[in-house]
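The structure appears below as structure tokens.
Protein chains: 2
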Amino acid sequence: MIKQAIIGILCASVILTAGILIGHYGIVKNSPAPSWVMDVAKDVDESLIEKFLSEVDNLNIQENLKELTKVPHMATTAGDEETVQFMLKRWQDPETGLDEAWREEYVVYLSFPDAKNTNKVTVVSPTETVLYTAREKEKSYTPDQDDTEVVQPYAAYSPAGHPKGKLVYANQGKPSDYQLLNETVDLRGTIAITKYGGAGRAAKAINAAPYGVIGVLVYTEPLDMNDGLMSDANETYPHSWYLPPSGVERGAYNSHFGDLLTPYLAAKDETYRIPAEDITGNPPIPIQPIGFEDAYKLICELGGAEVPTSWRGSFNCSYNFGGPGFKSTSHFKNSDVKLDIYNREELKNSSNVMGVIRGSVEPDRYVIYGNHRDSWVHGAIDPSSGTSVMLEITRVLGRMVKQGKWRPRRSIIFGSWGAEEFGLIGSAEYTEQYFTKLSERTVAYINVDIAVFANATLRASGMPSVQDVIFRASKQVNAPGLDSTSVYDNWIKFSNRTSPTHGIIPKIGYLSGAGSDYAAFVHYLGIASMDISYTYDKSKTNARIYPAYHTAYDTFDYSSRFIDPGFVSHQAIGRTAGNVLIRLADSLVLPLNCSDYAEILEDYLNTAVTLYQELLKTKTISMEPLKSAVARFRSAAAHLDQVIRTSDLANETPLKVRRINDQLMLLDRAFLNPLAFPDKYAYRHVIWASSSVGNATFPGLADAFAKAESSNEPKDWAKVHYHLSVLTQAIDGAANTLVDVI
Amino acid sequence: MIKQAIIGILCASVILTAGILIGHYGIVKNSPAPSWVMDVAKDVDESLIEKFLSEVDNLNIQENLKELTKVPHMATTAGDEETVQFMLKRWQDPETGLDEAWREEYVVYLSFPDAKNTNKVTVVSPTETVLYTAREKEKSYTPDQDDTEVVQPYAAYSPAGHPKGKLVYANQGKPSDYQLLNETVDLRGTIAITKYGGAGRAAKAINAAPYGVIGVLVYTEPLDMNDGLMSDANETYPHSWYLPPSGVERGAYNSHFGDLLTPYLAAKDETYRIPAEDITGNPPIPIQPIGFEDAYKLICELGGAEVPTSWRGSFNCSYNFGGPGFKSTSHFKNSDVKLDIYNREELKNSSNVMGVIRGSVEPDRYVIYGNHRDSWVHGAIDPSSGTSVMLEITRVLGRMVKQGKWRPRRSIIFGSWGAEEFGLIGSAEYTEQYFTKLSERTVAYINVDIAVFANATLRASGMPSVQDVIFRASKQVNAPGLDSTSVYDNWIKFSNRTSPTHGIIPKIGYLSGAGSDYAAFVHYLGIASMDISYTYDKSKTNARIYPAYHTAYDTFDYSSRFIDPGFVSHQAIGRTAGNVLIRLADSLVLPLNCSDYAEILEDYLNTAVTLYQELLKTKTISMEPLKSAVARFRSAAAHLDQVIRTSDLANETPLKVRRINDQLMLLDRAFLNPLAFPDKYAYRHVIWASSSVGNATFPGLADAFAKAESSNEPKDWAKVHYHLSVLTQAIDGAANTLVDVI
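In the order they appear, the protein sequences are chains U and C.
Under my numbering, the first residue of the first sequence is numbered 117, with each subsequent residue one higher.
Under my numbering, the first residue of the second sequence is numbered 117, with each subsequent residue one higher.
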């Protein structure tokens with residue numbers, strides 16, 4: 117029986133096994149899902165973000181900054197090349213580097229002072245005696261400033277020349293400033309001294325020339341930068357973050373960005389270059405920046421009537437227009453001011469350093485993160501704060517990739533741009549060279565230039581569509597120095613607005629200018645972009661910007677003592693920007709919100725209607741088409757949002773997700789019009805282009821309206837109508853991309 | 117034993133069943149594939165194409181044509197509105213219509229003769245006696261031509277005016293023609309008679325005005341159109357396809373396409389319109405077309421020296437330059453020719469009729485198929501041959517969709533454009549209104565305007581990338597009238613070239629002009645486009661085009677008797693174009709070949725190097741960057757082809773297929789440069805823009821070189837260099853989109 121039982125059991129087992137095998141393999145089920153089905157549906161991994169946040173290290177950032185600021189690294193100098201090598205080494209590191217990193221060179225048109233003929237500003241008596249010479253070099257407080265590679269303060273792209281004339285004070289060098297001054301003073305043959313702020317650098321000279329002014333000085337007014345403090349005995353750096361008396365803000369004095377000789381073409385060896393005399397927007401007369409120590413000596417001696425209150429600064433003397441020239445009681449009486457400017461332009465090789473992490477699921481979608489690498493001097497804050505943060509982000513992400521723990525859904529491109537200080541050249545040339553590819557595939561651009569202006573609060577600017585992801589990321593990061601407060605909660609206290617949809621939220625700024633490398637991405641390519649930094653408490657200082665900006669005092673010492681001791685604000689920026697980056701790269705549905713865009717368009721529309729509608733009606737120009745377009749945009753955005761909210765996208769065809777993502781990615785492209793602003797180089801975005809009118813509304817319309825209102829010429833009113841039609845068509849076109857795809 | 121055996125078998129069965137159940141349900145397999153996995157991998161269905169080909173019916177096309185040509189349907193007339201209603205009815209048909217159809221209206225600037233003041237051409241004696249009056253209306257041979265809606269022959273956009281002067285003969289009105297004429301004849305105050313061909317319609321007047329010519333006549337030379345035949349007694353229509361003596365080719369005499377008042381803006385009610393006086397490219401002096409019957413009367417009486425042989429036509433008299441004016445032996449001696457032109461411009465509502473079939477897998481990808489709907493008179497050939505074919509294609513496809521038997525992978529958009537005859541207005545306004553959406557999503561544009569010029573052979577033009585799919589489709593269609601020969605095999609006999617890659621193949625033309633509605637798609641949007649028709653045997657006739665073109669004789673009777681009796685060529689076009697359409701809409705990988713593009717770029721490069729390199733070297737302008745760019749394009753194309761060939765794309769993630777398809781779809785966008793041709797409206801494609809030089813090479817380069825060679829001015833050589841850089845960057849940019857995506 118036992119034997120029988122055993123045989124029976126064995127037989128039963130064999131039969132059962134056979135049955136199991138037949139059942140498992142012999143009967144067709146639905147075919148199994150291919151392995152990629154899971155991959156394409158994957159969403160952002162919150163635990164990975166946690167891990168990223170925990171690994172971003174403030175001391176690493178500090179070390180990066182130390183290395184980056186060892187020597188001055190002005191564009192195309194030996195110091196710049198050192199930073200190129202450093203970036204390449206880090207991004208090619210086998211343990212913590214990226215998939216690939218390389219340099220891209222352009223041959224660009226830069227402007228330098230002549231090392232052998234120092235630029236000079238002097239007071240010269242009628243008998244040609246030099247009565248006063250302005251400082252040629254900033255005063256040293258640390259060995260950094262003695263570096264022979266510290267470039268003499270100068271105005272890049274100022275023409276060389278030796279103008280000599282009576283001095284006048286022209287406030288900020290705005291058109292209205294010269295106009296007022298010209299009412300009582302004959303400006304022909306004069307030298308104008310102006311202060312930074314109010315008008316662009318180039319504009320101070322461009323606005324002056326039509327009045328016959330032959331040279332311009334620019335100084336940093338202590339009232340605008342130092343909260344009035346002026347003494348380096350105990351008030352300014354090295355005692356505080358304030359600018360010492362001899363500090364001079366350098367800068368590029370061109371109006372247009374990108375390489376000036378190769379508009380819309382990447383500046384390669386054999387590329388066609390326009391004749392230098394065809395460049396527009398450069399200063400037509402010599403211009404030179406000086407410190408307030410020298411400005412004080414000059415301004416306090418000026419004759420003529422006293423200036424209006426709003427023109428005054430914090431010098432303990434009367435601010436006068438100038439006779440023109442100095443007052444008769446001055447030791448400078450009858451003397452001229454003379455500028456000896458020896459700047460010259462050179463074609464130089466400038467490099468971008470590029471690095472990528474290839475995407476796993478959508479390698480043909482790019483998230484770009486960038487910052488420039490070149491500084492004016494040591495550039496500890498501008499730009500190396502941003503670069504040291506970028507290097508820490510790439511270290512953490514690079515290690516996860518090298519260890520096989522992570523690969524983003526989309527590709528990530530890092531750009532360390534060259535020659536930004538000369539007009540955003542590296543990033544502009546990059547976008548010109550890769551225009552089509554980048555237009556078609558770039559999801560977003562993140563710019564972190566000056567990562568930390570000060571350690572009070574986050575500051576963010578960007579297209580309205582990126583607001584949401586910045587909010588989300590900043591809620592997950594602790595505010596530096598405040599254990600239980602998020603960056604978001606801290607931010608909302610410093611800067612907020614009431615949104616009709618969201619209630620009180622932090623206020624993000626707009627990228628309507630060309631202040632950093634986002635410009636080409638926003639204006640030329642129409643890519644959803646943002647600029648992120650930590651900044652100061654505006655209730656505590658009136659400084660235009662951190663006071664050592666573009667001076668020899670922007671050093672590691674300055675940053676570590678006065679800007680961000682402990683580098684915890686740098687860390688917070690690394691965490692916030694990195695979090696945004698990961699979300700853009702990994703989210704199944706792109707975290708770009710088109711309804712937030714609608715809100716701002718409505719805002720702009722309301723302002724435009726309030727300001728312009730009544731007068732336009734009298735010119736038989738209707739704003740109704742624009743209103744309809746904005747309404748159509750709003751409803752299309754609401755519809756797309758609803759589709760996203762109500763669809764189970766992880767279980768639908770990846771082509772549906774892709775379709776929605778393409779709608780979101782390409783939204784800003786619809787706002788581009790290459791013909792709308794013929795005089796503004798590379799400005800094509802009809803919502804965010806710069807405007808010379810201060811209103812928060814559509815820029816082309818605002819500028820055209822201001823001009824027509826002032827001239828009241830039919831052709832100028834026609835231009836207003838034209839811009840209304842351009843805008844209407846763009847917003848309508850954008851709405852068309854958001855509605856059902858066919 | 118039996119019982120035991122039975123029990124054993126029963127037990128075994130139970131165990132086996134249990135095993136099967138366990139095996140099938142108890143052991144987890146890979147999760148089953150979602151239902152969409154099969155859908156996204158589906159490729160074009162060859163049996164469906166067979167079915168389509170078999171259902172395209174010649175008699176249906178004939179019936180469509182009869183209906184479409186019942187009355188004249190010039191743009192915006194009542195007849196045009198009838199065709200709008202007809203299209204809508206057909207496309208909204210519940211059995212055979214499309215998913216959706218609608219009209220889109222634009223307010224466009226058209227030019228019409230004045231019904232109350234007929235345009236006149238007269239010979240007027242010195243005593244103001246009218247000695248001769250040209251026909252105001254073509255002679256009737258069938259009741260069609262008596263329709264009161266037949267528009268009087270005129271030159272649209274000719275200014276009104278009453279110039280009177282001595283007549284001269286100016287050949288084709290080319291710049292060289294007027295130049296030669298001016299060598300011996302004082303052209304000031306003259307009327308020039310020119311023949312069609314050689315120069316654009318507007319150009320005949322534009323070229324004349326600088327010499328002081330005050331009016332222009334244009335006639336159809338029998339040598340160029342009728343193989344010399346002139347008699348309506350037995351030679352011309354109604355006896356053959358040749359133009360009767362009184363036939364006059366109407367036409368639009370504007371140089372730029374699209375609505376002339378709203379450049380780059382869709383012409384809606386409130387859209388900004390430029391002042392009419394700012395329009396460029398319209399005739400500056402009155403111009404009027406006449407038949408050869410009248411031209412004969414005028415030309416044969418001309419005095420002055422005899423023209424060169426190449427200027428002569430087939431009149432049985434001496435062709436003379438004109439004294440200026442008539443010869444002294446003529447009854448017209450001392451008389452003037454007078455033009456009384458009463459044309460006037462009007463803003464009119466013009467409609468496109470649009471229809472769609474929604475795509476199932478990629479609804480956000482569009483294949484667009486279009487033709488204009490408006491004619492000059494009855495337009496049986498131009499454009500209704502194309503429209504009747506389009507309606508047959510939509511009937512067959514629409515029925516398959518309505519019956520649930522088919523839905524394309526991608527969306528198909530059909531466009532029945534309005535006001536093409538006045539300058540491609542409907543299609544241009546459509547592309548302006550939907551610029552972003554169409555740029556981002558359109559896979560290809562198929563234009564079938566005049567479907568059948570004659571019944572000898574296929575003719576196709578397009579981007580090189582569409583060559584392959586046209587070949588493939590045409591191989592599957594029988595050549596009309598030739599049972600065992602395909603359209604392809606017939607075609608290759610009439611027109612072929614030797615390709616380095618493919619050997620002897622049919623020659624496809626390029627779309628470098630603006631001859632039909634493909635223009636905006638090619639030049640403004642950079643979409644892979646093609647134009648397909650059946651045409652004549654060039655060895656058998658020298659006709660410039662089918663002789664009834666733009667005349668009152670382009671009727672159903674003419675078409676059915678002399679162009680395509682039985683409508684079998686129409687059917688072949690419907691089958692070929694429809695086959696191309698289905699392949700573009702349904703193929704898993706888009707049937708666009710980038711290596712074929714490389715071949716033509718190499719061709720263009722070789723021509724450019726041969727023609728320009730030597731001289732450019734002496735100007736220190738290098739062609740090396742262009743050579744490198746073309747080489748990079750070739751290798752990138754070869755690489756992408758290889759990826760397509762070697763990948764098992766049906767089993768890979770649909771995002772990989774999409775990535776490749778996006779590379780193919782967007783290829784031509786890389787060639788767009790909105791600033792390269794500032795004087796050529798909407799021309800942005802740097803490979804296919806029109807050129808005034810006859811060489812088959814890059815147009816911007818060719819034109820710039822011709823100008824520089826003739827002027828030898830440094831600024832003109834600089835322009836050559838500029839165009840080289842524009843081209844290099846575009847081709848390099850295109851190569852960048854074809855290489856590995858990151």
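We put the CB at the ideal spot given by N, CA and C, even for glycine.
Treat the numbers as computed from the prediction; the structure is a model and nothing was measured.
Query: Is it right to say His937 of chain U is buried, meaning 16 or more other beta carbons lie within 10 angstroms of its own, or is it exposed?; Result: In this structure chain U extends from 117 to 858, so residue 937 of chain U is not present and cannot be described.
Query: Can you list the residues of chain U that Arg474 of chain C reaches, using a CB-CB cut of under 8 Å?; Result: Ile858
Query: Confirm, please, whether the CB-CB distance from Val332 of chain C to Gly438 of chain C is below 8 Å.; Result: no
Query: Find the nearest neighbour of Thr617 of chain C within the set C:Thr503, C:Leu627, C:Leu345 and C:Asp719, judged by alpha-carbon distance.; Result: C:Asp719
Query: If you draw a straight line from the alpha carbon of Pro400 of chain C to that of Arg304 of chain C, how long is it in whole angstroms?; Result: 15 Å
Query: Measuring straight from C-alpha to C-alpha, what distance separates Asp848 of chain U and Phe749 of chain U?; Result: 7 Å
Query: Comparing C-alpha positions only, which one of U:Ala822, U:Arg699 and U:Glu825 sits nearest to Glu166 of chain U?; Result: U:Arg699
Query: Measure the Cβ-Cβ separation of Gly471 of chain U and Tyr561 of chain U and say whether it is below 8 Å.; Result: no
Query: Near Gln549 of chain C, what residues of its chain come up, given a Cβ to Cβ distance below 6 Å and the 5 sequence neighbours on each side ignored?; Result: Ala382
Query: Which class does Leu214 of chain C belong to by DSSP, given the choice of helix, strand or coil?; Result: coil
Query: Comparing C-alpha positions only, which one of U:Tyr412, U:Gly502 and U:Glu417 sits nearest to Phe442 of chain U?; Result: U:Glu417
Query: Specify the secondary structure class of Tyr561 of chain U as computed by DSSP and reduced to three states.; Result: strand
Query: Rounded to the nearest angstrom, what separates Ile473 of chain C and Ala567 of chain U at their Cα positions?; Result: 51 Å
Query: Does the distance from the C-beta atom of Gly578 of chain C to that of Phe373 of chain C stay below 8 Å?; Result: no
Query: Is the Cβ of Lys553 of chain C closer than 8 Å to any Cβ of chain U?; Result: yes
Query: Is Met154 of chain U buried or exposed, if buried means 16 or more other CB atoms sit within 10 Å of its CB?; Result: exposed
Query: Closer than 8 Å, Cβ to Cβ, to anything on chain B: give me those residues from the segment 724-742 of chain U, in chain order.; Result: No chain B appears in the structure shown, which is made up of the protein chains U and C.
Query: In whole angstroms, what separates the C-alpha of Ala820 of chain C from that of Ala272 of chain U?; Result: 35 Å
Query: Classify Ala576 of chain U as helix, strand or coil using the three-state DSSP reduction.; Result: strand
Query: Since His488 of chain C sits in a beta bridge, which residues does DSSP pair it with?; Result: C:Trp533
Query: 8 Å is my cut-off, CB to CB: does Gly849 of chain C come that close to chain U?; Result: yes
Query: Only counting runs of 3 or more residues, tell me where the beta strand (DSSP E) segments fall wholly within the segment 624-679 of chain C, in order along the chain.; Result: 645-651
Query: Report the option in C:Asp784, C:Ile776 and C:Met739 whose CA atom is closest to the CA atom of Val836 of chain C.; Result: C:Met739
Query: Any beta-carbon of chain C closer than 8 Å to the one on Asp480 of chain U?; Result: yes
Query: Pair every Cβ in the segment 767-780 of chain U with every Cβ in the segment 673-689 of chain U, then say whether three or more of these pairs are closer than 8 Å.; Result: no
Query: Is there a Cβ of chain C sitting closer than 8 Å to that of Thr853 of chain U, yes or no?; Result: yes
Query: Among residues of its own chain, excluding the 5 on either side of Thr692 of chain C, which ones have a beta-carbon nearer than 8 Å to its beta-carbon?; Result: Leu574, Ile586, Ala589, Ser590, Val593, Val603 and Ile648
Query: Can Glu386 of chain C and Asp173 of chain C be called in contact, C-beta distance under 8 Å?; Result: no
Query: Using a threshold of 8 Å, state whether the C-beta atoms of Ala766 of chain U and Leu706 of chain U are closer than that.; Result: no
Query: Buried or exposed for Ser527 of chain U, going by 16 or more other Cβ atoms inside 10 Å?; Result: buried
Query: For His104 of chain C, count the other beta carbons within 10 Å of its own beta carbon; 16 or more makes it buried, fewer makes it exposed. Which is it?; Result: The structure shown does not extend to residue 104 of chain C, since chain C is modelled only from 117 to 858, so the question has no answer here.
Query: How far does the alpha helix (DSSP H) with Thr193 of chain C in it extend, from its first residue to its last?; Result: First-last for Thr193 of chain C: undefined, no H or E at that position.
Query: Can you tell which of U:Ile541, U:Tyr650 and U:Asp633 has its C-alpha closest to the C-alpha of Ser611 of chain U?; Result: U:Tyr650
Query: Verify whether the separation of the beta carbon atoms of Val224 of chain U and Ser466 of chain U is less than 8 Å.; Result: yes
Query: Check the Cβ-Cβ distances between Asp764 of chain U and every residue of chain C, and say whether any is below 8 Å.; Result: no
Query: On a CA-only basis, which of C:Thr445, C:Leu339 and C:Glu220 is nearest Ala659 of chain C? Give me that one, please.; Result: C:Leu339
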